[in-house]
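Taken in order, the sequence shown gives residues 3 to 1063; the numbers are from the numbering used here. Just so you know, even glycine gets a beta-carbon here, dropped at the ideal spot from N, CA and C. Below is one structure, written out as structure tokens, with a few remarks after it.
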Amino acid sequence: MAGNDWINSYLEAILDVGPGLDNPKSSLLLRERGRFSPTRYFIEEVITGFDETDLYRSWVRASATKSPQERNTRLENMCWRVWNLARQKKQLEGEEAQRMAKRHLEREKGRREAIADMSEDLSEGEKGDVVSELSAHGESNRGRMRRISSVDVMETWASQQKEKKLYLVLISLHGLIRGENMELGRDSDTGGQVKYVVELARALGTMPGVYRVDLLTRQVAAPDVDWSYGEPTEMLTPRNSDGFTDDMGESSGAYIVRIPCGPRDKYIEKELLWPHIPEFVDGALNHILQMSKVLGEQIGGGQPVWPAAIHGHYADAGDSAALLSGALNVPMLLTGHSLGRDKLEQLLKQGRMSKDEINSTYKIMRRIEGEEISLDASEIVITSTKQEIEEQWRLYDGFDPILERKLRARIKRNVSCFGRFMPRMVVIPPGMEFHHIVPHDGDMDGETEGNEDNSSSPDPPIWPEIMRFFTNPRKPMILALARPDPKKNITTLVKAFGECRPLRELANLTLIMGNRDSIDEMSSTNASVLLTIIKLIDKYDMYGQVAYPKHHKQSDVPDIYRLAAKTKGVFINPAFIEPFGLTLIEAAAYGLPIVATKNGGPVDIHRVLDNGLLVDPHNQQSIADALLKLVADKQLWAKCRQNGLKNIHLFSWPEHCKNYLSRIASCRTRHPQWQRNDDENESSDSDSQGDSLRDIQDLSLNLKLSLDGEKNEDSAILDSALDSEETSDDRKSKLENAVLTWSKGVLGETNKAGNTEKADQNSMVSKFLALRKRKHIFVIAVDSDTSTELLEYIQKVFEAARTARASGSVGFILSTALTISEIQTLLLSGGLSATDFDAFICNSGSEIYYPSSSSGGRSEFPFVVDSDYHLHIEYRWDGEWLRKTLVRWAASIVDKKGKTEEQIVTEDEQRSTSYCYAFNVKNPELVPPVKELRKLLRIQALRCHVIYCQNGTKLHAIPVLASRSQALRYLYVRWGVELSNMVVFVGEYGDTDYVGLIGGVHKTIIFKGVCSSASALLHSSITYPLEDVVPVDSPNIVQTTEQCSSNDIRVSLGKLGVLKA
């Protein structure tokens, strides 16, 4: 809250306004009905915990007004505003209480249902780790790698890792990122996170077993930023660390790789980056694929070296990492840094902004959904403190600490989790560079004498800037380093110092509160805090005892710590809540004991370092007593200093990276798996189809023939094998037998069997080669209300591209929620052939089929399924338990008509497959929005992608890594189909996954007016506007006229530079 002095003046002004509030002549603004007292109301309801800086500005203007009448009018208006603000605050608090109560009930219900499904009684082991087994960082000591306590141990560990050659990818999307001379504090997006990710990448690049680290960020070539942010690649120069980084073997080090996305010549804040994430993902995917091939030539024996993990930092990068992880089928890690739900809670508590205003300003709902998506895909979430887990991550639908402990216990005991998955939360404190730090052992007198003898070592320039404030600069220095923000609680520290006479006699106080040229140029909140501090210094007459320099450089900070240590001083962090407390570690590295808030990260730091005292930040006397105790008791001071220096290596970058890499090693290895070498088939026409055929045969018919549209006895055997939930080996054996049985039934006992199968496979190889050599790929993803309309738009696209289609320069992909059987019916009704398309993305992106040229008999269903894609998307997919939960949910959705109830959602077994559970919706207006269904499943730790499709009449549940947009990225990874050569055709609206098809490096043509009926029905319930997801001003997106004729489509293709209009 702003400083209290102006509040006191403001209250006095209210009392001096004039007539009493009950006087009939007083203003109606002040009277209100009854005996309303704005003064009392302000004191009781507003002052505590309320930020009213706008009122402060009004008060400044009122104070400057010379006319008493005008001044009184302004004060009356202010008083009325206070009353309204207080009333609004109480209303928001009531709504917040109701929302939290509802959330608590939903969480408890979901937890009960999940535990009920896990039918075994919980043993003692499933109740979580007991307190005695928890280490300082909140992790179980059992099975944990031993901490590095010496260089010898580190060298031993390093020699064990040298055989590994890992490729790691980090993503930090927003802000200005470069390796040297970081512009920290330039804006709110370029802060501590930027420094952390750069130093993490640099440190990982020097670790044994790590071959390459790529830190991906956005390329910025704007005129208002330095040219270096527009460089595509920047190598991070390694720093010596603990004496062993010079022997890192073949490591190629760490790099910043900048990916173009969004406006090319504009630096934009993170809130405006959301629509450009798909474009960033496509660019990052291209880089990773190219780098994997390069590393394959260097260290992989010619096979691609895939990332061991992709690590997203913050919500935007987490969303990006989730898409990349799904496209590449590699493990994902997440670090939240700052969480949206926590910020939303804090802003709502302040009562200054409504939820809609918060969302409009911070895009907070899009950010929260990005964090939920990240939780769905992450294997590990790395946090700095236990407080972040217990008080922040637990606010999310996708994480429940209680359920997570139960699931973890079941995993340890090799007991089924019944399709439930929860990311593993681990605490790894940020690292620091300590090799350049030399703690001072001398006091001020000793050092001063030394400096007199050695004039070649002058004092750092920041020292005289600080010491000029003090009457006696040799007294111990109490150092606080924080911006003048109300949350940092600096005013309480100044009061504690000012009111404790013994402390003032023994020590000086130094406040490093950022940089300023003029108080008038500071933000109103920061200016208010600084003015309050200056007034407190005057009030307690602390001139000569408190320093608050106007300027300092980032490079001055180590010298400031050294000065405090030389004077045998103390470092203090009195913040109300401190998420981590990196400054506490920095201070300990220079030999400073600490006094810190007991709320948040400092608790974990103190538990490890044991180098100071924790205090209640609200208790002024407690702060003064702790400081006095450390300053006065020299033995305690020396002990705390020694403890900090002894244990500080636990927060070094090598220790952080060693723990980090051990966590990555615990992840299940995942990467794209297929034996066919794509590079060989980029080939010339001279490549032998027989060689390619042998590649396919080596996959044991991985691309299997499917007849799921025909329900006969043999195909039922195949379906049974596909739906089996047995082990992969058993399933493979059954599948091969089922395919053999089915193929015998299809081909009969004729001599043509082998020739037909060979012809199909040869056709498949030709189709894949043709797919890769197309100049453009047209993806028809129009979600029409009827099949007739869809067929009409297919034919219009074909007509628009008639010449290019005839020449073979353009290929076609149909992307839809239809099943492959429904697609076959659609094609037959329109006189089209399966070979008119290169691929079919069906069941909302859960399956990919390719056409086959087989004909005759039951082979009139000419498709082959890409089962490699199934392996690609099966992460966290345990369909049967998800299906049971959805069936239970569907039974609860009923339409009450008098005494009868009609079930609205019913299971559609005919359209369901092993990777897509389908449900019929009788009345789309009566079902919960898709966001509510996602919440319900996340609360129960069920990870999937749920979609309302076909104008809300169908519901699909597919693997969390699957979608129609991700299927296009898979085709790029699998077959090298360039995303930039794709043109996606969509309606103005569509299924609930429709927005994912619009952004990216591909081009998009929107058919105006098509599927507009889905607008109100399916998309009105989203928590954020469409412009927060879709780059509406992108040059890659064009819209046709409402006629949407083939000529309109041709004109749109001309605008995109694809075909001549």
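Checklist entry - Under the criterion of a Cβ to heavy atom distance below 7 Å, does Asp995 qualify as lining the ligand MN? => result Because no ligand of any kind appears in the structure shown, any question about the ligand MN cannot be addressed here.
Item to check | DSSP bridge partner residues for Pro853 (one or two, in chain order) | outcome: For the purposes of this step, residue 853 is taken as the residue at position 851 of the sequence shown. Paired residue(s): Phe865.
Next on the checklist: Rounded to the nearest angstrom, what separates Trp229 and Ala223 at their Cα positions?
Outcome noted: Here residue 229 refers to the residue found at position 227 when the sequence shown is read from its first residue. Here residue 223 refers to the residue found at position 221 when the sequence shown is read from its first residue. A direct Cα-Cα distance of roughly 7 Å separates Trp229 from Ala223.
Next on the checklist: Tell me the DSSP secondary structure of Leu186 in three-state form.
Outcome noted: Taking the first residue of the sequence shown as position 1, residue 186 is located at position 184. If DSSP states are grouped into helix, strand and coil, Leu186 belongs with coil.
Checklist entry - From Met209, Phe499, Leu330, pick the residue whose C-alpha is nearest to that of Pro240; which is it? => result Along the sequence shown, read from residue 1 onward, the residue named residue 240 stands at position 238. It is Met209.
Checklist entry - By a C-beta neighbour count over all protein chains shown, 10 Å radius and 16 as the cutoff for buried, is Ser831 buried or exposed? => result Position 829 of the sequence shown holds residue 831. Of the other Cβ atoms in all chains shown, fewer than 16 fall within 10 Å of the Cβ of Ser831; this residue is therefore exposed.
Checklist entry - Around the C-beta of Met469, are 16 or more other C-beta atoms found within 10 angstroms, so that it is buried, or is it exposed? => result In the sequence shown, the residue the question calls residue 469 occupies position 467. It is buried - the Cβ of Met469 has at least 16 other Cβ atoms within 10 Å.
Item to check | Whole-Å CB distance - Thr887 paired with Leu944, under 8 Å assumed | outcome: To locate residue 887, count along the sequence shown from 1; it is residue 885. To locate residue 944, count along the sequence shown from 1; it is residue 942. 6 Å between Cβ atoms; contact.
Next on the checklist: I need the DSSP call for Asn1049, collapsed to helix, strand or coil.
Outcome noted: The residue you call residue 1049 lines up with position 1047 of the sequence shown. Asn1049: helix per DSSP, three-state reduction.
Checklist entry - In or out: Thr1043 buried (at least 16 other Cβ within 10 Å) or exposed? => result Looking up residue 1043 in the sequence shown gives position 1041. Thr1043 comes out exposed.
Checklist entry - Which residues in the same chain have their Cβ closer than 7 Å to the Cβ of Ser420, if we skip the five residues on either side of it in sequence? => result Residue numbering aside, residue 420 sits at position 418 when the sequence shown is read from its first letter. Per the sequence shown, the amino acid found at residue 420 is Phe instead of Ser. Counting only Cβ-Cβ distances below 7 Å, and skipping sequence neighbours, we find Asp119, Met120, Trp883.
Next on the checklist: Please tell me whether Gly342 and Ile370 are closer than 8 Å, where the distance is taken between their beta carbons.
Outcome noted: One-based indexing of the sequence shown puts residue 342 at position 340. One-based indexing of the sequence shown puts residue 370 at position 368. Yes, Cβ-Cβ distance for Gly342 and Ile370 is below 8 Å.
Checklist entry - How about Arg940 and Gly400: do their beta carbons lie closer than 8 Å? => result Sequence index remark: in the sequence shown, residue 940 carries index 938 (1-based). Sequence index remark: in the sequence shown, residue 400 carries index 398 (1-based). Yes, the Cβ-Cβ distance between Arg940 and Gly400 is below 8 Å.
Next on the checklist: What does the Cβ neighbour count give for Ser151, buried or exposed, with the cut at 16 atoms within 10 Å?
Outcome noted: Your numbering for residue 151 matches position 149 in the sequence shown. A caution first: Ser151 carries a pLDDT of 44, below 50, which makes its placement in the model unreliable, though a value can still be read off. Classification of Ser151: exposed, given that the 10 Å Cβ count is below 16.
Checklist entry - Can you check whether the CB of Leu168 is closer than 8 Å to the CB of Leu217? => result The residue given as residue 217 occupies position 215 in the sequence shown. The residue given as residue 168 occupies position 166 in the sequence shown. It is not a contact, given that the beta carbons lie outside the stated cut-off.
Next on the checklist: Tell me which residues share the same chain as Tyr974 and place their Cβ nearer than 6 Å to its Cβ, disregarding the 5 neighbours each side in the sequence.
Outcome noted: Taking the first residue of the sequence shown as 1, we reach residue 974 at position 972. Closer than 6 Å at Cβ, skipping near neighbours: Leu981.
Next on the checklist: Using only the alpha-carbon positions, how far apart do Leu611 and Cys642 sit?
Outcome noted: Residue numbering aside, residue 611 sits at position 609 when the sequence shown is read from its first letter. Residue numbering aside, residue 642 sits at position 640 when the sequence shown is read from its first letter. So the alpha carbons of these two residues sit roughly 9 Å apart.
Item to check | Selection from Tyr213, Ile596, Ala319, Val617 that minimises the alpha carbon distance to Phe578 | outcome: As a working note, residue 578 is residue 576 in the sequence shown. That would be Val617, whose Cα lies nearest to the Cα of Phe578.
Next on the checklist: By DSSP's criteria, Gly303 is part of a beta bridge. Which residues make up the other side?
Outcome noted: Within the sequence shown, the letter at position 301 stands for residue 303. Paired residues: none, contrary to the question.
Item to check | Phe499 - DSSP class collapsed to helix/strand/coil | outcome: Here residue 499 is taken as the residue at index 497 of the sequence shown, counted from 1. The three-state secondary structure of Phe499, taken from DSSP, is helix.
Item to check | Lys937 versus Glu390, Leu349, Lys111, residue with shortest Cα-Cα distance | outcome: Taking the sequence shown and counting its residues from 1, the one referred to as residue 937 is at position 935. Out of Glu390, Leu349, Lys111, Lys111 has the C-alpha closest to the C-alpha of Lys937.
Checklist entry - Hey, how far is the Cα of Gly1052 from the Cα of Lys1005? => result Position 1050 of the sequence shown, counting from 1, holds the residue named residue 1052. Position 1003 of the sequence shown, counting from 1, holds the residue named residue 1005. The amino acid occupying residue 1052 in the given sequence is Arg; Gly does not appear at that position. Cα to Cα, the separation comes out at about 14 Å.
Checklist entry - For Gln1045, does the count of other Cβ atoms within 10 angstroms reach 16, so buried, or fall short, so exposed? => result For the purposes of this step, residue 1045 is taken as the residue at position 1043 of the sequence shown. Counting Cβ neighbours within 10 Å, Gln1045 comes out exposed, since fewer than 16 surround it.
Item to check | Inter-residue spacing [alpha-carbon to alpha-carbon] between Met102 and Asp267 | outcome: Residue 102 sits at position 100 when you count from the first residue of the sequence shown. Residue 267 sits at position 265 when you count from the first residue of the sequence shown. Going from the Cα of Met102 to the Cα of Asp267 covers about 43 Å.
Checklist entry - Smallest Cα separation from Leu652: which of Arg609, Met237, Ser624? => result Position 650 of the sequence shown, counted from the first residue, corresponds to residue 652. Closest option to Leu652, Cα to Cα, is Arg609.
Checklist entry - Of the residues Pro486, Arg564, Leu326, which one's Cα is nearest the Cα of Ser526? => result Start at 1 with the first residue of the sequence shown, and residue 526 comes out as number 524. Ser526 has its Cα closest to that of Pro486, out of Pro486, Arg564, Leu326.
Item to check | Burial state of His872, where buried means 16 or more other Cβ atoms lie within 10 Å | outcome: For the purposes of this step, residue 872 is taken as residue 870 along the sequence shown, with counting starting at 1. Buried, since its Cβ has 16 or more Cβ neighbours within 10 Å.
Item to check | Close beta carbons around Asp123, own chain, < 7 Å, minus the five adjacent residues each side | outcome: Locating residue 123 in the sequence shown gives position 121, counting from the first residue. For Asp123, the pLDDT reaches just 45, beneath the cut-off of 50, and the residue's location in the model is therefore unreliable, although a value from the coordinates is still provided. Cβ neighbours of Asp123 beyond the five flanking positions: none.
Item to check | First through last residue of the beta strand (DSSP E) which encompasses Lys532 | outcome: Along the sequence shown, one-based indexing puts residue 532 at 530. In the sequence as displayed, the identity of residue 532 is Leu instead of Lys. First-last for Leu532: 526 to 541, but that is the alpha helix (DSSP H), not the beta strand (DSSP E).
Item to check | Cβ-Cβ distance between Asp261 and Arg204 below 8 Å | outcome: By 1-based counting over the sequence shown, the position of residue 261 is 259. By 1-based counting over the sequence shown, the position of residue 204 is 202. In the sequence as presented, Asp is not what sits at residue 261; that position holds Ile. No.
Item to check | Host beta strand (DSSP E) of Lys197 (start-end) | outcome: Position 195 of the sequence shown, counted from the first residue, corresponds to residue 197. Not the beta strand (DSSP E): Lys197 falls in the alpha helix (DSSP H), residues 194 to 207.
Checklist entry - Taking DSSP as the reference, what is the three-state secondary structure of Ser1036? => result Locating residue 1036 in the sequence shown gives position 1034, where the first residue counts as 1. Correct three-state label for Ser1036: coil.
Next on the checklist: One question on the structure: do Arg885 and Tyr851 come within less than 8 Å of each other, judged by their Cβ atoms?
Outcome noted: On the sequence shown, position 883 is the one that residue 885 refers to. On the sequence shown, position 849 is the one that residue 851 refers to. No.
Item to check | Backbone CA spacing between Glu849 and Ile360 [nearest angstrom] | outcome: Translated into positions along the sequence shown, residue 849 becomes position 847. Translated into positions along the sequence shown, residue 360 becomes position 358. About 39 Å.
Item to check | Separation of Ile464 from Asp558, as counted between CA atoms | outcome: For this step, residue 558 is matched to residue 556 along the sequence shown. For this step, residue 464 is matched to residue 462 along the sequence shown. Asp558 and Ile464: Cα-Cα distance of roughly 6 Å.
Checklist entry - How many Å lie between Leu663 and Lys899 at the Cα? => result Against the sequence shown, residue 663 aligns to sequence position 661. Against the sequence shown, residue 899 aligns to sequence position 897. Approximately 59 Å between the Cα atoms of the pair.
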